[in-house]
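Going by numbering that gives the first Met the number 0, the sequence shown wraps up at 201, each residue one higher than the last.
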Amino acid sequence: MLDAAARRLIDPPLNAIGRALARAGVTADAVTLAGLTLGLVAAAMIALDAPLWALGPLLTSRLADGLDGAVARATRRTDWGGYLDIAADFAFYGAIPLSFVLADPGGNGAAGGFLLAAFYFNGTTFLGYAVLAEKRGLRTSAQGVKSLYFSNGLLEGTETIGFFVALCLLPGWFAPLAWIFGSLCYLSGTLRLIGARKAFPS
Numbered sequence: 000m001l002d003a004a005a006r007r008l009i010d011p012p013l014n015a016i017g018r019a020l021a022r023a024g025v026t027a028d029a030v031t032l033a034g035l036t037l038g039l040v041a042a043a044m045i046a047l048d049a050p051l052w053a054l055g056p057l058l059t060s061r062l063a064d065g066l067d068g069a070v071a072r073a074t075r076r077t078d079w080g081g082y083l084d085i086a087a088d089f090a091f092y093g094a095i096p097l098s099f100v101l102a103d104p105g106g107n108g109a110a111g112g113f114l115l116a117a118f119y120f121n122g123t124t125f126l127g128y129a130v131l132a133e134k135r136g137l138r139t140s141a142q143g144v145k146s147l148y149f150s151n152g153l154l155e156g157t158e159t160i161g162f163f164v165a166l167c168l169l170p171g172w173f174a175p176l177a178w179i180f181g182s183l184c185y186l187s188g189t190l191r192l193i194g195a196r197k198a199f200p201s
């Protein structure tokens, strides 16, 4: 819901940094993999019961997630790069809830399982929509120039990052926050299904 507005604010500085990285010979794929690595480091720190320390690598990983596209736009966008980016994103988004479950299986297990199931459903509606949009030749740049169609939703990357930051700041509140955010993920996916029914009539 907030991604389009956030992109208008962050794209200009990201594009400037991306051009500088491209001139230095840094590839978009390298930035994507660096971001994923940092995200997994953050997850490991959470699992080891250090969520506040995880905020640094977590936020830096999301900076890298924005920079890889900026580097690609400054050089050459590829289908592989877009594929790698979305796969890395989903790996990161799954690793953070899992890390809270590993940190406290008894207290966080049920809520974490619900949240991961909600992510799975919401992600499926997102990717399925992208496949059908590509099949029909639809294009959008509302969330920036992407390698695949980014359909909007109630919860997007901006909200999810904010949620992860809140979890790191308030780890004792993981369970209630996860139940709430998971429910909103199910709602977001359901609304996308309804939109897809209208956009792709049989």
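C-beta: ideal position from N, C-alpha, C; glycine also.
Residue i versus residue j: straight-line alpha-carbon distance, rounded
i	j	result
residue 194	residue 23	43 Å
residue 136	residue 77	17 Å
residue 81	residue 121	19 Å
residue 71	residue 105	43 Å
residue 126	residue 44	29 Å
residue 187	residue 90	20 Å
residue 34	residue 25	13 Å
residue 73	residue 155	25 Å
residue 200	residue 21	42 Å
Backbone secondary structure at residue i - three-state DSSP
i	result
residue 47	coil
residue 159	helix
residue 77	coil
residue 200	coil
Burial state of residue i, where buried means 16 or more other Cβ atoms lie within 10 Å
i	result
residue 37	buried
residue 116	exposed
residue 92	buried
residue 64	buried
residue 128	buried
residue 17	buried
Neighbourhood of residue i by C-beta, 6 Å cutoff - its chain only, sequence neighbours within 5 removed
i	result
residue 31	67, 83, 84, 87
residue 98	42, 45, 46
residue 170	50
Own chain residues within Cβ distance below 7 Å of residue i, not counting five before or after
i	result
residue 163	57, 95
residue 178	110, 113
residue 165	176
residue 192	124
Beta-carbon proximity list for residue i, same chain, < 8 Å, skipping 5 on both sides
i	result
residue 39	90, 91, 94
residue 28	67, 79, 80, 83
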